Structures are given as structure tokens and as C-alpha cells.
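Working notes, beginning with the structure itself.
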Amino acid sequence: MSSERPDAPAAPAEKQLMSNPGETLREARAERKMSQLDIAQNLKISVAAVDGIENGLYDRLPGDTFARGYIRSYARMVGLDPNRLALEFDRYRGIEVRERSVNGISRIAEPRRSGGGLMRWVSLLILLILIASVAWWYDSRGSDVPSVPADPLAGDQLMDEVEVDSLTLPAAIAEQAEALTGGNLGLDEVEQAQSQSAVTDVSGDEDAASASGVDTAVVADSAAAVASQDSPAIAAAEAQPSASAALSMSFVANCWVQVKAVSGEVLHSGLMQAGQTLNLSHPGAVDLVIGDRSAVQSINYRGEQITLPQQSQSGVARLRLGQ
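Counting along the sequence shown from 1, when you hit position 200 you're at 786 in this note's numbering, and nothing is skipped either side.
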């Protein structure tokens with residue numbers, strides 16, 4: 587009898603260890619006056635699954651993981667501790683014992699990868715080759731570009747190649763250039779006349795001497811005409827004697843004057859200065875344009891004194907003489 591007494595308390599302890607948490611949930615549900623249908627609708631599971639939890643028929647459920655989750659949710663609905671009931675479920679199913687046996691296995695260390703250093707060196711070598719290739723490509727590209735020598739005379743040569751003949755001078759400038767050319771020819775004639783007069787003086791003939799004096803006077807007049815070439819337009823006008831001039835104009839101030847024939851031919855175009863006189867001969871009528879009416883002292887056309895029209899706002903006077 588005495589040997590059986592120590593074994594008697596072992597049965598209740600084993601029963602407590604293997605107690606089904608579903609019974610606790612069922613009692614709590616009954617106290618709250620809830621049906622299995624209410625639990626199934628809240629947990630979104632079937633009534634058969636709720637009955638399996640309460641009766642310990644966990645094989646009807648998809649697995650222990652789902653069963654543990656259902657028990658936790660069930661415990662919250664009826665106001666019980668979900669962690670305590672989940673632990674009772676693990677003990678009831680023997681899951682805690684299986685986890686302990688698995689955790690006892692020592693962790694196997696992961697073997698070190700061999701060849702990691704080799705791959706790193708190979709990658710570095712490939713990178714260096716790429717950098718060297720790019721540098722060589724840029725260097726070879728720069729050497730292929732032909733160098734252009736800087737020639738300081740290139741600009742002068744380009745300017746020398748400009749065709750000056752293609753430029754067209756205005757009519758007034760062209761006339762002044764012709765007047766200058768004529769003046770140069772006059773100088774040549776003066777020199778020739780002087781040389782002829784010198785030869786005539788050597789001969790000692792009295793008549794030749796008098797002729798030489800006349801030539802000398804002509805040379806002096808020609809030289810004076812050449813000296814007045816500083817103003818080409820004025821020289822062309824003063825080359826005509828005033829006595830036979832059809833048009834004579836004198837000025838007291840600087841003024842621009844243009845004289846044109848009715849046909850459009852420009853007889854004179856240029857700036858007249860104070861104290862100068864313009865003399866022109868033309869058989870027909872002329873059109874006269876005066877830039878400043880107040881700068882004209884007098885106008886005489888074929889012996890008749892001309893009165894300028896009333897001064898305009900701009901001061902320019904336009905009139906036709908001979909018609």
C-alpha cells in the first residue's frame with residue numbers, strides 16, 4: 587500500500603499537463619452566452635473548425651500554425667489570455683518538446699567562399715585595362731587632328747586678293763578723280779613747256795625770247811590751276827574763264843552745291859567754301875540745288891542777276907535756269 591501512494595499524485599499532474607485549451611475556451615464561451623456560430627462568424631471559419639478546437643480535434647484544421655492562431659483569436663473574443671492558451675496548445679500537441687530537440691542542434695558554420703580575393707584582383711585588372719584603352723583612344727584621336735600653322739601673313743594675302751576693280755565709284759568722286767588726272771597731265775605739259783622755253787633761250791633769237799615769255803606766263807597760269815587741286819570740284823569750275831561762263835556763283839559761307847543738266851548729266855557736285863566762286867558753261871538749261879541758301883552771295887546766269895526763292899524751313903533752294 588505504501589508503495590502505491592507516491593504514484594497516486596502523478597495522474598492529476600499528467601492530466602493537467604495534457605489539458606486541452608479548447609475546453610477552457612468552451613467554458614468561457616458558455617459564460618458569455620455565445621454560440622459556436624457566433625465564434626465562427628467572427629473568426630471567419632466554419633462551425634466544424636470551432637467544434638474541433640473545443641473538443642481537441644486539431645487534425646480537422648489545416649495545421650498547428652493555423653490552430654494556434656485560431657486559439658489566440660478565440661481567447662481574445664472571450665476575454666482570456668491568448669499567450670497562455672497558445673502555450674497550453676503547444677504542450678497539448680507536444681510542439682514544445684519538438685522545438686527543444688531541434689534547437690539543440692549546433693549551428694553549422696557557413697563555409698568560407700574560396701576565390702573571393704582572386705575575383706577582386708581580376709575585376710581590378712579589367713578596370714585598369716579599360717582606363718588605359720580610353721586614354722590611348724583619346725591620345726590617338728588628338729594626334730590625328732592636323733595642326734594648322736598660324737601664318738601672320740594670311741590676313742594680308744587675303745586682303746591683297748580683293749578685286750578693287752569690282753568697286754564702283756560714285757559719279758561725283760569719279761569726276762573729281764578725272765579732274766585730278768587732268769591736273770597731273772597739266773603738270774607734264776608745264777614741264778614740257780619749261781624745257782622748250784629753256785631751249786628757246788639758248789638760241790638767242792629775240793622773237794623766240796618774247797615767245798618764251800608768253801609761254802612762261804601760260805606756264806604760271808597752269809601751275810596756279812594745278813595748285814588749286816586741293817578742291818577737285820572747285821578746280822574744274824575755275825578752269826573756265828569767268829567772262830564766258832554761263833553760270834557764276836559766289837559764296838560767303840560753306841555750302842554744298844549741285845548743278846545738273848536737264849538731261850541728268852552732273853556738271854558740278856561738291857562743297858563750296860566761303861570766298862570761292864563757281865563758274866560753269868553749258869549751252870542748255872541747268873537744274874541748281876543749293877544746300878544752304880544763306881551761304882550764297884550772288885548768282886549770275888548769262889549776264890542776268892538771279893534772285894533765289896524764299897528760304898524754306900530746311901534752307902535748301904532748288905531752281906531751274908535757262909527755261
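Backbone N, C-alpha and C fix where the C-beta goes; we use that ideal spot for every residue, glycine too.
Keep in mind the model is a prediction, meaning the values are calculated, not measured.
Asked	Found
Measuring straight from C-alpha to C-alpha, what distance separates tyrosine 678 and alanine 653?	12 angstroms
If you draw a straight line from the alpha carbon of leucine 874 to that of glutamine 859, how long is it in whole angstroms?	17 angstroms
Closest by CA to valine 664, which one among His868, Asp676, Leu629?	Leu629
Applying the 10 Å Cβ sphere with the 16-neighbour rule, what's the burial state of leucine 711?	exposed
Buried or exposed: which applies to arginine 706, given that a residue is buried once 16 or more other Cβ atoms fall within 10 Å of its Cβ?	exposed
Please work out which residues of its chain come closer than 8 angstroms, Cβ to Cβ, to proline 668, disregarding the five sequence neighbours upstream and downstream, and give them in chain order.	Ile657, Arg658, Ser659, Ala661, Arg662
Quick check on tyrosine 724: buried or exposed, where buried means 16 or more other Cβ atoms within 10 Å of its Cβ?	exposed
Out of Ala635, Ala832, Gly901, which has the shortest C-alpha to C-alpha gap to cysteine 841?	Gly901
Rounded to the nearest angstrom, how far is the Cβ of alanine 832 from that of leucine 866, given a contact under 8 angstroms?	7 angstroms
CB-CB under 8 angstroms to arginine 646, same chain, minus the five flanking residues each way: which ones, in chain order?	Ala634, Ala635, Gly638
So glutamate 640 and arginine 612 are in contact, right, with Cβ under 8 angstroms, and what is the actual spacing, rounded?	4 angstroms
Tell me the rounded alpha-carbon separation between leucine 643 and lysine 619.	23 angstroms
DSSP three-state label for threonine 610, please.	helix
If I measure Cβ to Cβ from methionine 835 and keep anything under 6 angstroms in the same chain, skipping five residues before and after, which residues do I get?	Leu864, Ile885
What separation, rounded to the nearest whole angstrom, lies between the Cα atoms of isoleucine 681 and alanine 672?	11 angstroms
From valine 872 to glycine 908, what does the alpha carbon distance come to, in whole angstroms?	7 angstroms
Around the Cβ of arginine 727, are there at least 16 other Cβ atoms within 10 angstroms (buried) or fewer (exposed)?	exposed
For glutamate 674, which residues from the same chain have a beta carbon less than 7 angstroms from its beta carbon, with the 5 sequence-adjacent residues on both sides left out?	Ser605, Pro607
As an exercise, report each continuous beta strand (DSSP E) stretch of at least 3 residues that is fully enclosed by the region 825-897, in chain order.	833-837, 841-847, 852-858, 863-866, 872-876, 882-887
Candidates Gly856, Val882, Ser709: which alpha carbon is nearest glutamine 891's?	Val882
Report yes if the C-beta distance between alanine 616 and leucine 666 is below 7 angstroms; otherwise report no.	no
Going by DSSP, which residues form a beta bridge with arginine 904?	Val875
Please classify isoleucine 625 as buried or exposed, where buried requires at least 16 neighbouring CB atoms within 10 angstroms.	buried
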